[in-house]
C-alpha cells in the first residue's frame, strides 16, 4: 500500500501530464476509500473539482471513512477536507447528490472532534449547509 504522500504525488503527476477522465477519477476514489486513504480522496476532489460525479463519490467516500474511525475524521480535517467539501457544495449547487453527500460528510467529519468542528466553521460549512 502506498503512503498518502506517494499517492498524492502520483495523482498530481497524472493530472499534470494528462487530464484524468471522470471514470479514472471515480475508480481512484473507490480504491482510496478501500485503503482508507483520506488524503488521496481530498487530492482527487481538488484535481477533479469540475466533475459533479467525482465530487459526489468523493463526498460519499469521506462520509463513509469519517463515520468508521476517529482517526479518519482527524486525518480528513488535517488534509483540508472541509474546504474541498464546501467548495464542492458551492461549485455544484444544483447537484442534489453532491449536496446530500457533502452534508453527510461534513456531519461525520465533525462528530466528536472539536478541532474539526472549528475547521468546519472556518471553512464556511454552516453557510454551505444552509444554502443546500
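Numbering (my numbering), first residue to last: 29 to 160. For glycine and all other residues, C-beta sits at the position ideal for the given N, C-alpha and C.
Only counting the same chain, and skipping five residues up and downstream in sequence, which positions put a Cβ closer than 6 Å to that of residue 95?
136
In terms of residues, what are the limits of the alpha helix (DSSP H) holding residue 125?
124 to 138
Spatial distance of residue 140 from residue 78 (CA atoms)
Straight-line Cα distance between these residues: approximately 31 Å.
Pick helix, strand or coil for residue 78, following the three-state DSSP scheme.
coil
Three-state secondary structure (DSSP) at residue 120?
In the three-state DSSP reduction, residue 120 falls in the coil class, being neither helix nor strand.
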